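Student:
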Amino acid sequence: MAIDNETIKHVAHLARIELQPNELEKFSIQLHEVLDFIDKISKLDIANIAPSSHILSISNVLREDIPGASLTPERALENAPSKKGNFFSVPKIIE
Amino acid sequence: MELNQLSAHELLSRLKSGSVTPRAIQDSLYVRIEDIDPKIKAYVRLNSEKGHNSKIDPDTPLKGLPVTIKDNICTEGLNTECCSKILQGFCPPYDATVISKLKKSGAEIFSLKANMDEFAFGSSTENSYFGPTHNPWNLECVPGGSSGGSAAAVASDEAIWALGSDTGGSIRQPASFCGVVGLKPTYGRVSRFGLIAFASSFDQIGPITKDVEDAAILTRIISGYDPNDSTSLDRDVPDYTKSLTNDIKGLKVGIPKEYFIDGLDAQVKAVIDEAIDKLKKLGACVKQVSLPHTEYAVAVYYIVATAETSSNLARFDGVQYGYRSKSDNLIQMYKQTRAEGFGDEAKRRIILGTFALSHGYYDAYYLRALKVRTLIRRDFDQVFSDFDCIVTPTSPTAAFRIGEKIQDPLKMYLSDIYTISVNLAGIPAISVPCGFTRGGLPVGLQIMASSFNEEMLFRVAYAYEQNTQWHKIKPKL
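Residue numbers (this note's numbering), protein chains in the order written: chain S, 1323 to 1417; chain B, 2 to 478.
This is how it looks when you write it as structure tokens:
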């Protein structure tokens, strides 16, 4: 499977990473090599094999919805790069 | 011998008799670190305040003994940055469950944290934002990774014992490269709450120690169900020291033929062959077995683990914690923050994982990989229906040189070829020192067992260790 610069650019945008032209060039070569290697799984016959999204045989784990102690707003905001009152503050998104 | 050179269980018996104090043990570590860490660089943020716990309870199991913690495990009030610029200055407002358990057992959380590949992405600790750690056996070599700081600290007596994390070999491979013991528990054995997530269906925290007995003690303390991690399992935690019987007579040991192929270094192979002979002499019944889907493990891992990575690392966007790039536009702020905050390997993995999950590629990559994961699990089920454990090399080579593989991601990924299958299947495995190459670099023997059968690992590893001298040899620094 080939991965071209346009695809990497698009995927990097989806992942919200700004790539420099030299990074685009480098990653394109490296990821191409990795995908080439990964492609070996396409040869395997996987008809009728169930996927293992998880290795434990557990399904939903439920609990009673009982309120308990958690972080205070002050503690939760301690590491925020920017905050206003009890909120995280970010650049304006709506014009 | 200085205090910092002793094992945890030796120090615990001295603490019990009152012949040493926790303070003296900590001081011996700080002296050692000041002396040799400028060469090894096992620890990060060296100017952190030295901690000394004033309220030590002598009735607790660990009696104030310090434990070194990898930089991706949250420690309340102690910076935890995953050795990444994007988590610069992050000081967790809570403890990971393993840290609460250690504190409850009377351990002192060591004030310096151990170096690692950024977000645990790597096999050499070269991907750390703080720069690489050096192997105590040869300073020009890598200590392995991603828990390279933890392993190098234990090997060089800069730590009594340590916690690492293992997603594709990140405890066992550095333990092997540094000549110490490292265990990845069964998936679900140890709570992941407070472990900064890399790949959630693989990650496990585990011990890196000077000997098998220490690993047995530490594993018991950190194991168990945690309501904060719904993938931890509610099963009894045995006293693993009871498995240290020094008796493996009649045990059925499988040697998978797919692990002894081209790419396995001849000197490593010779050391492993000798270790297998030793197990035979100790009465184990050794037979060749097959894990037919082994060759697909690395490929499956780099699809599924990167897919999980791309999702887990979405949270690092400059909003809630860590580094933020200045911008007037929100989307641009996200993109710049992540461009400046993540290193190359993090970017590569996020992009690869996003690609594997993206429209048009999901079925060919992600879904297909999950199905091959099933085949790899079945291989192990098959062998464990007849055998007690599986023995392999931990890594195809001894420690490689700093810089040797950093420009070639695929070559780096292949250095985990013997450890990754274990994470795909969720089973436990341990690496124990089993000899040296002619160049004086340590080699590790990997033992794997079925899910929740850590007792088998301790039994085999201990018998091997007690009948060899490898764990007693220390690097000359």
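Note that beta-carbon positions come from the ideal geometry of N, C-alpha and C, so glycine has one too. The structure displayed is predicted, hence computed values, not measured ones.
(1) Between B/V433 and B/Y465, how many whole angstroms is the CB-CB distance? I'm expecting something under 8 angstroms.
(2) Going by Cα to Cα distance, which pick from B/R460, B/D96, B/F437 is closest to B/T81?
(3) Taking Cβ to Cβ, would you say B/F122 is nearer than 7 angstroms to B/R350?
(4) Using DSSP with H/G/I as helix, E/B as strand and the rest coil, what is S/F1410?
(5) Between the segment 241 to 261 of chain B and the segment 283 to 290 of chain B, can you find at least three pairs of beta-carbon atoms closer than 8 angstroms?
(6) S/Q1342 lies in the beta strand (DSSP E); which residues open and close that run?
(7) For S/N1401 and chain B, any beta-carbon pair shorter than 7 angstroms?
(8) Just to confirm before moving on: does the CB-CB distance between B/V182 and B/T220 stay below 7 angstroms?
(9) Leaving out five residues on either side along the sequence, give the residues of the same chain with a beta carbon under 6 angstroms from the beta carbon of B/V86.
(10) Just to confirm before moving on: does the CB-CB distance between B/C84 and B/A400 stay below 7 angstroms?
(11) Can you tell me which residues form a DSSP beta bridge with B/R402?
(12) What is the C-beta distance between B/E159 and B/D38, in whole angstroms, given that I count them as a contact (C-beta under 8 angstroms)?
(13) Does the distance from the CB of B/I277 to the CB of B/L196 come in under 7 angstroms?
(14) Taking the C-alpha atoms as reference points, what is the distance between B/G462 and B/R24?
(15) Could you work out which residue in B/N424, B/G90, B/S148, B/K105 is closest to B/N116 when comparing CA atoms only?
(16) Mark S/K1406 as exposed unless 16 or more other C-beta atoms lie within 10 angstroms of its C-beta, in which case mark it buried.
(17) If we count the other Cβ atoms within 10 Å of its Cβ and call it buried at 16 or more, is B/A267 buried or exposed?
(18) With the cut-off set at 7 angstroms, would you say B/I391 and B/M449 are in Cβ contact?
(19) Using a Cβ-Cβ cutoff of 9 angstroms, what residues of the segment 1331 to 1357 of chain S are near chain B? List them in chain order.
(20) When you compare the CB positions of B/L292 and B/E259, do they come within less than 7 angstroms of one another, or not?
(21) In chain C, which residues lie less than 8 angstroms from B/M334 when you measure between Cβ atoms?
(22) Please identify, using Cβ separations under 7 angstroms, the residues of the segment 175 to 207 of chain B that lie next to chain S, in order along the chain.
(23) Based on Cα-Cα distance, which residue from B/V238, B/L140, B/K477, B/M457 lies nearest to B/V213?
(24) Please determine if the segment 1338 to 1353 of chain S and the segment 328 to 346 of chain B are in contact, where contact requires at least 3 C-beta pairs separated by less than 8 angstroms.
(25) To be precise: take each residue of the segment 1372 to 1385 of chain S, compare its Cβ to all Cβ atoms of chain B, and keep it if any distance is under 8 angstroms. Which residues remain?
(26) Listing by chain order, which chain B residues have their CB less than 8 angstroms from the CB of S/I1368?
(27) For chain S, find out if any of its Cβ atoms is closer than 7 angstroms to the Cβ of B/F356; answer yes or no.
(28) Would you mind giving the Cβ-Cβ distance between B/A152 and B/P175, rounded to the nearest angstrom? I have them listed as a contact below 8 angstroms.
(29) Pick out whichever of B/C435, B/L415, B/Y414, B/Q447 has its Cα sitting closest to the Cα of B/I428.
(30) Go ahead and pull the three-state DSSP assignment for B/V299.
(31) For B/I223, which residues of its own chain have a beta-carbon under 6 angstroms away from its beta-carbon, when the five flanking residues on both sides are left out?
(32) Starting from the beta carbon of B/K348, find every residue of chain S whose beta carbon is closer than 9 angstroms, and list them in chain order.
(33) Measuring alpha carbon to alpha carbon, tell me which residue in B/R46, B/G52, B/S14 is nearest B/P62.
(34) Tell me whether B/S166 sits in a helix, a strand or coil according to DSSP, three-state version.
(35) Rounded to whole angstroms, what's the CA-CA distance from B/L478 to B/K40? Just pull it up for me.
(36) If I follow the unbroken alpha helix (DSSP H) through B/L415, where does it start and stop?
Tutor: Reading off the structure:
(1) Between B/V433 and B/Y465 a beta carbon distance of about 6 angstroms is seen, short of the 8 angstroms cut, so the two are scored as contacting.
(2) The option with the nearest alpha carbon to B/T81 is B/D96.
(3) Going by C-beta atoms, B/F122 is nearer than 7 angstroms to B/R350.
(4) Of the three classes helix, strand and coil, the one that applies to S/F1410 here is strand, per DSSP.
(5) They touch, by the three-pair rule.
(6) Per DSSP, S/Q1342 lies in no beta strand (DSSP E) segment and is marked neither H nor E.
(7) Yes, because at least one Cβ of chain B sits closer than 7 angstroms to the Cβ of S/N1401.
(8) No. Outside cutoff.
(9) According to the sequence provided, residue 86 of chain B is Lys. The question's Val does not apply to it. Result list for B/K86: Y130, Y324, G342, in chain order.
(10) It is not a contact, given that the beta carbons lie outside the stated cut-off.
(11) Looking at the DSSP assignment, B/R402 forms a beta bridge with B/C142.
(12) Indeed they touch by this definition, with Cβ atoms about 6 angstroms apart.
(13) Not a contact, by the Cβ cut-off of 7 angstroms.
(14) A quick correction: the sequence has Ala, not Gly, at residue 462 of chain B. When rounded, the separation of the alpha-carbon atoms in B/A462 and B/R24 is 32 angstroms.
(15) Nearest C-alpha to B/N116: B/S148.
(16) Looking at its Cβ environment, which holds fewer than 16 other Cβ atoms inside 10 Å, S/K1406 is exposed.
(17) Exposed.
(18) Yes, Cβ-Cβ distance for B/I391 and B/M449 is below 7 angstroms.
(19) Here the close residues are H1332, V1333, A1334, H1335, L1336, A1337, R1338, I1339, E1340, L1341, Q1342, E1345, K1348, F1349, Q1352, L1353, E1355, V1356, L1357.
(20) Yes.
(21) Protein chains in the displayed structure are S and B, and chain C is not among them.
(22) Taking 7 angstroms as the Cβ-Cβ cut-off against chain S, the residues of the segment 175 to 207 of chain B that qualify are Y188, G189, S202.
(23) Closest in alpha carbon position to B/V213, among B/V238, B/L140, B/K477, B/M457, is B/M457.
(24) Result yes; three or more Cβ-Cβ pairs closer than 8 angstroms.
(25) Those would be A1372, P1373, S1374, S1375, H1376, I1377, L1378, I1380, V1383, R1385, in chain order.
(26) Near S/I1368 (Cβ distances below 8 angstroms), the residues of chain B are R369, K372, V373, L376.
(27) So, interface residue.
(28) Going by Cβ atoms, the distance from B/A152 to B/P175 rounds to 4 angstroms, so yes, they are a contact pair.
(29) Nearest option by C-alpha distance: B/Q447.
(30) Helix.
(31) V99, K102, V191, listed in sequence order.
(32) Result: A1334, A1337, I1339, L1341, E1345, F1349.
(33) From the listed residues B/R46, B/G52, B/S14, the smallest Cα separation to B/P62 is found for B/S14.
(34) B/S166: strand per DSSP, three-state reduction.
(35) Straight-line Cα distance between these residues: approximately 9 angstroms.
(36) Membership of B/L415 in the alpha helix (DSSP H) is indicated by the continuous run 410 to 415.
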